[in-house]
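Residue numbers (the UniProt record's numbering), protein chains in the order written: chain A, 1 to 77; chain B, 1 to 77.
Take a look at the structure below.
See the structure below:
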């Protein structure tokens, strides 16, 4: 099982992408965790460390994919 | 079966995202078409019409997701 983490902040752009991508990935291959950085600001540092610059972003096996643009990470803490 | 179209232009950013997303989507739900706009410039107009502004971009059920940034569509024709 590959691990994928979807970082978002609850904004409209984020929510749309979250609903689409979290459920669109092959459930037989990916365990997807959805992290709301607005509600868990203590994880902003973790997101930054793996290379997330804005949300929404999907991290798969350490590779960061910024999907559209909702907010810069710097606005979240 | 839902239709998803992945537009790209063969650049490094595109190829990485293509390899990741085209195969990561649930194969039981999505029929994914990969369109290389550099090789099929006649489809640039189609991409623009659905809202693609840069590549790589994934279009699912008419919703456009720009994934990272390889090139602006305007650079492709």
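Where a beta carbon is used, it is the ideal one built from N, C-alpha and C, also for glycine.
Report the three-state DSSP secondary structure of residue i (helix, strand or coil).
i, result
"residue 22 of chain A", "helix"
"residue 14 of chain B", "helix"
What span of residues does the alpha helix (DSSP H) with residue i cover, start to end?
i, result
"residue 50 of chain B", "44-50"
Beta-carbon within less than 7 Å of residue i's beta-carbon, same chain only, minus the 5 sequence neighbours each way: which residues are those?
i, result
"residue 44 of chain B", "37, 73, 76, 77"
"residue 14 of chain A", "8, 55, 56, 70"
"residue 48 of chain B", "73"
"residue 41 of chain B", "76, 77"
Give the range of the beta strand (DSSP E) segment to which residue i is assigned.
i, result
"residue 41 of chain A", "First-last for residue 41 of chain A: undefined, no H or E at that position."
"residue 34 of chain B", "30-36"
"residue 4 of chain B", "2-8"
"residue 70 of chain A", "63-72"
"residue 56 of chain B", "54-60"
Going along the chain, which residues of its own chain have a beta-carbon closer than 8 Å to the beta-carbon of residue i, five neighbours each way excluded?
i, result
"residue 31 of chain A", "1, 2, 3, 4"
"residue 67 of chain B", "17, 21, 56, 57, 58"
"residue 29 of chain B", "1, 2"
Of all the options the options, which has the alpha carbon lying nearest to the alpha carbon of residue i?
i, options, result
"residue 50 of chain B", "B/23, B/11, B/64, B/35", "B/64"
"residue 10 of chain B", "B/25, B/23, B/34", "B/34"
"residue 61 of chain B", "A/24, A/62, A/47", "A/24"
In its own chain, which residues sit with a C-beta less than 6 Å from the C-beta of residue i, not counting the 5 before and 5 after it?
i, result
"residue 53 of chain A", "73"
"residue 27 of chain A", "none"
Please confirm whether residue i has its beta-carbon closer than 7 Å to some beta-carbon of chain E.
i, result
"residue 27 of chain B", "The structure shown contains no chain E; its protein chains are A and B."
Interface residues of the segment 3-31 of chain B facing chain A [CB-CB below 9 Å]: 4, 16, 17, 20, 21, 23, 24, 25, 26, 27, 28, 29, 30
Contact list for the segment 53-65 of chain B against chain A, Cβ threshold 7 Å: For the segment 53-65 of chain B, which is checked against every Cβ of chain A, the residues closer than 7 Å are 60, 63, 65.
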